[in-house]
Structures are given as structure tokens and as C-alpha cells.
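Before any comments, here is the structure.
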Amino acid sequence: MPRSLVAFFIPVVLLLIVSAWPLVAPQPAAADDDPMQAPFFYEPVSDEDAAHAELIRTAVFGWEAERHAALAELVAQDAKDAMAALIVGMRHVVIDDEVRIALSELAGEPINNWHDAMRWQERNPQVKAHPVAREIRLRVFMRRDARFMRFLGGARSMPETMRIRLDEIVWGGVMIGDIPTLDDPIMWLPDNAAFMEDDNLVFGVSINGDTRAYPLRILAWHEMVNAIIGDVPVSLAFCTLCGAGILFETAVEGFDKPFTFGTSGLLYRSNKLMYDRQTDSLWNQFSGEPVTGPLAFSGIRLKVRPIVLTTWGAWLERHPDTTVLSPNTGHLRDYSEGAVYADYFASPDLMFPVNVGDESVVARKDQVFGVRDVGIQKAWPIAAFTAEPVINDAIGDRALVLVGDEAGGGVRAYERGDRTFVVGPSTDTLVSGDQSWRITETALVSPDGTRLDRVAGHIAYWFAWDSYFGVTSELYGPQPVR
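Heads up: the sequence shown runs through residues 923 to 1404, numbered per my numbering.
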């Protein structure tokens, strides 16, 4: 090759190498209000700190020999602050015995895989990650989808701005938009719903006379519906991993417009992190609270609306005027029954790591019906309704009656005051004393028009409820070991 061409190509190649190095080299400073462009490369506070940060980087990203040497040095230093970075690397960069052995040595217990490592990390919040772990996690997330920086770029992923640990936010295996939200989707009348079978599970919702059914066979592909039901803006957030379909009211005092939500592709303790489109704050789907971003410390908690898990046949019998979510969503998906998540729903195993408490009373993926009051939470195993289809109970000093939905395994809860209810002569009635009360989606109604309001609650897998609420939640029936 002529020397003139060599002289031309060398600087061009060097330029290409430098331009392709954004995940390793420091990024230029950017405005704080643009998380997509904000720098995240760790700036050490001393020469010693710089050497330690570089040792951790090498243990994650280095070539085999230097990586193994770095791991050995971190173990020799008992550098537990490196564990968060090593756990990220264990899943996303390289998996070998040296990483597993190093993590086991640092943890002081066997770490056989990424699930073990994540569970250890959850149990040990006192072990603080070195700040370079943030850089490493964001570099890895950027490799998956650079748009994740909308949620975690800049100050959004600094510990003081987050209500959950960055170390416990994991990639769910999908990019932003891979699980598309349904916005004001088409609803069909029952006459057009020949695609539905009577035993298909649906989430049933009724607000101000607007009654709708959302089939799980469709919703499992989308996990989020933004709609206005009975003039009330709501989001139906379905976390397939934790089995929880929760209906949130999205108009919040102090904000001009209702929030609308999407699926971020990120998870926290096997629960989806949704995001609002107004601020790109991440929200805990289970609690309806923002946990990162501009709204993290806003004090917002979305109001939960009643919803029931039942079958299409049972819902249609109760509500012949219902509408049902159309399969014409604008997305190409296989909406046949069992086409998505069937194996996961049928298995006792979890897809993502989370610590599971005592299972002698309720197994991890047993369904429970949960109600949360101010500072109090309580869960009722769905299995309890087989023997007791009507349960008179209380949450704190609030007396409730809970009615099991035999068809779909869902539950409806109502205030009961000082009354005690038993099964009525039909599936849509309860009896208290000599009075028969009609079961509706909004209240129990007596013959004289007295109403006992429905109480919002939702279905979830036990592991998700217990992981989120733990000892702060009561459990109906025999108690697990805490």
C-alpha cells in the first residue's frame, strides 16, 4: 500500500476507534436536565480510589488473565464494595468459575449463580457498592438499549435521588417498546367477541356504569392499558412476573393532566418498573409510587381502584352489557389462550431472583388477594376461599367481608360494619340476618338501598406480596415463620 494511503488511513482508523469507545472513555459534560447525555464515568476522589475503581473495572471488563488477577486482588482486600459490579458482570459480561468463587469468598457463603448473588445483595443492604458500580451498570444497560438512560442517566441514578437501590434494578430482557402499551384500545361488544371462550380469564372493571373485560391472553403481551373508564382516567398495570393486575387512578392533585404509563423493560425484585411519559420517572408497579426521577420524593401514591380476576363466561353472565378488549390492537401478536407465559404461570419457579420467605403456609406462586389500608396491609390466600367462599374478617379495625369468585379465583371485598354475611341463594347475593344483599361491582346493596362500599384490592403471587410488605402485612389463617 502506498505510504500516502497509509498516512491517510491511520488517522481515520484511530478516529473510528475513539468514536466507538463511549462505554469506556469519559463522556463530555452535559446539561443536568438531559439524562440521555449526562456523563456517568466515575471520577475518583484520590489516586488510591482511582486504582481501586480501575481494579473493579478490570475484574469485570478485562481480558481473562488480567480479570482473574483483579478478582484475586479484590478477594485479598476483602473488597465487598466490588460485589455489586461483579454481580452485574456475572450476568452481562462473562460467567466463569473465578467470578463465582470470588463472590462466594466475599459473601462468606456459596454463590453458585447470578440468582444467588442477587438474593445475597438484597439481604445485605449494609454492603455499599463502590461508586464505580454505577458506571459499570449504566455501561451495561446502554449496551442493551441506550434509551434506558432516560430513566437512569445523570442524577437520576445517584443514591440520594433514588428510593430503591440501583444495585437491585435489573434488565428484564426486553427493550423499551418491546412490550407495547395499549392506549385507549378498541373495546368490542359481546356480539363481536366470538374469539373469547367462557373459561378465558379476564380482569373485570366497572366504573360509573362503564363495564369492561380485559382478557389476560391479550393483556399479558402488553402489561399496560391507559384508558378513561366511566370518565375516570386509569391505568391497568399487569405484572406478569408477580401475577398482579392493579387498576390505578392516574389523575393526581397538583398535575394538569393524568399520568400515562409505559413498561420500562427494567425490574426490581421480580416486579416491573413502569414509567410515566410526562417525566420518565420509574414507578413501582406494586405500590403505584415513583422510585426514581423527578417524582421520586413527590409523595405521590396512585389511588387503587377495585378490579376482579374472573372468567369471561362468569363476567358476561353478570354484565351482559360489558365490553371486551379487542384483539385488533395494532400489534402483531398470538393472542390465543396460553400463547404467552403459560409455562411460567404453571411453574412454581421464578424467572428473576428475589428472596422468598417461609413457604410452609403459602408457596411462592400461590395467589393471594391483598388489601392495603393506611399503614396496614393484609393478604388472604385464594385457596382459603375454597372452604370459605365468604370470609368475614378485618384489616386493622376496618371490618370487611370478602367474596371468592369461584369461576376465576378472584375476590371482591366490601365494608361490612357490624354485620356478618353468609353465602346467599345465588352467586350474586349474600345474606346477613334476614336480609339478602345484592353483590355489585361497587357495593353490597340491601333491599332498602343501604350500601356497603367495595374495597379496592388485587391478586398477586405470595412471593411478590411478601417481598414488598414482609412483616408489615398480616396474613389470613395460619401464620408463616418470619
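Glycine residues also receive a C-beta, built at the ideal position from the N, C-alpha and C atoms.
The model shown is predicted, which means the values in this text are computed figures rather than measured ones.
Check                                                                                                                                                                     : Outcome
According to DSSP, is H990 part of a helix, a strand, or is it coil?                                                                                                      : helix
Taking DSSP as the reference, what is the three-state secondary structure of F983?                                                                                        : helix
Can G1215 and F1170 be called in contact, C-beta distance under 8 Å?                                                                                                      : no
So, helix, strand or coil for K1002, using DSSP?                                                                                                                          : helix
Between the C-alpha atoms of K1179 and W1042, what's the straight-line distance to the nearest angstrom?                                                                  : 41 Å
Determine the contact status of P1275 and G1399, defining contact as a CB-CB distance below 8 Å.                                                                          : no
Residues in its own chain within less than 6 Å of L1138 by CB, not counting five upstream and five downstream?                                                            : L1123
Looking at the secondary structure, which residues open and close the beta strand (DSSP E) in which T1133 lies?                                                           : D1132 to P1137
Hey, V1377 and A1335 are a contact pair by Cβ (cut 8 Å); roughly how many whole angstroms apart?                                                                          : 4 Å
Looking only at C-alpha atoms, which of F1070, N1250 and K1287 sits nearest to C1164?                                                                                     : K1287
Sort A1268, G1346 and H1253 by Cα distance to D1100 and report the nearest one.                                                                                           : H1253
Considering Cα atoms alone, identify which of R1360, V1312 and V1262 is closest to F1343.                                                                                 : V1312
I'd like the span of the alpha helix (DSSP H) that includes H1037, first residue to last.                                                                                 : W1036 to R1045
I think A1301 touches W1205, with their Cβ atoms under 8 Å apart; what is that distance to the nearest whole Å?                                                           : Actually they are not in contact, since the Cβ atoms of A1301 and W1205 sit about 22 Å apart, beyond 8 Å.
Is the stretch 1240-1256 close to the stretch 1105-1121, with three or more CB pairs under 8 Å?                                                                           : yes
Within the same chain, show all residues whose beta-carbon is closer than 6 Å to that of F1063, passing over the 5 residues directly before and after it, in chain order. : F1070
On a Cα-Cα basis, can you pick out the residue from L1374, A1309 and D1370 that is closest to D1340?                                                                      : L1374
Please report the residue range of the alpha helix (DSSP H) in which G1235 lies.                                                                                          : W1234 to R1240
In this structure, what does DSSP give as the bridge partners for F1391?                                                                                                  : Partner(s): none; F1391 has no beta bridge.
Kindly provide the ranges of any alpha helix (DSSP H) runs that are 4 or more residues long and lie completely inside the stretch 1108-1162, ordered along the chain.     : 1138-1144
Extract the residue ranges of the beta strand (DSSP E) inside the stretch 1200-1237, only unbroken runs of 3 or more that lie entirely within it.                         : 1204-1206, 1225-1227 and 1230-1233
Which partner residues of S1354 appear in the DSSP bridge assignment?                                                                                                     : Q1357
By the three-class DSSP mapping on this structure, what secondary structure does P1402 have?                                                                              : coil
Provide the residue span of the beta strand (DSSP E) that contains V1021, from first to last.                                                                             : Element bounds for V1021: not the beta strand (DSSP E) but the alpha helix (DSSP H), D1019 to A1029.
State the Cα-Cα distance for the pair G1371 and I1140, rounded to the nearest angstrom.                                                                                   : 38 Å
How big is the Cα-Cα spacing for P1402 and T1103?                                                                                                                         : 37 Å
Closer than 8 Å is the cut-off here; do at least three beta carbon pairs connect the stretch 1314-1329 with the stretch 1223-1240?                                        : yes
Find the nearest neighbour of L1088 within the set N1277, E1020, A1055 and E1119, judged by alpha-carbon distance.                                                        : A1055
Return the Cβ separation of A964 and E1090 in integer angstroms, given the expectation that the two are a contact with Cβ distance under 8 Å.                             : With the sequence shown as reference, residue 964 is identified as Tyr, and Ala is not the correct amino acid for it. No, Y964 and E1090 are not in contact; Cβ-Cβ is about 19 Å, not under 8 Å.
Can you tell me the Cβ-Cβ gap for P966 and A960, rounded? I've got them flagged as a contact below 8 Å.                                                                   : So it is not a contact: roughly 18 Å between Cβ atoms.
What would DSSP say about R1255, mapped onto helix, strand or coil?                                                                                                       : coil
On a CA-only basis, which of V1049, P1228, G1094 and E1020 is nearest P1379? Give me that one, please.                                                                    : Reading off the sequence, residue 1379 comes out as Gly, not Pro. That would be P1228, whose Cα lies nearest to the Cα of G1379.
What is the residue span of the beta strand (DSSP E) that L1272 lies within?                                                                                              : First-last for L1272: undefined, no H or E at that position.
I'd like the list of long-range same chain contacts for F1183, defined as Cβ closer than 6 Å, with 5 residues on each side in sequence excluded.                          : M1146, S1157, M1196 and D1198
Just to confirm, are A1039 and I1017 a CB contact at a threshold of 8 Å?                                                                                                  : no
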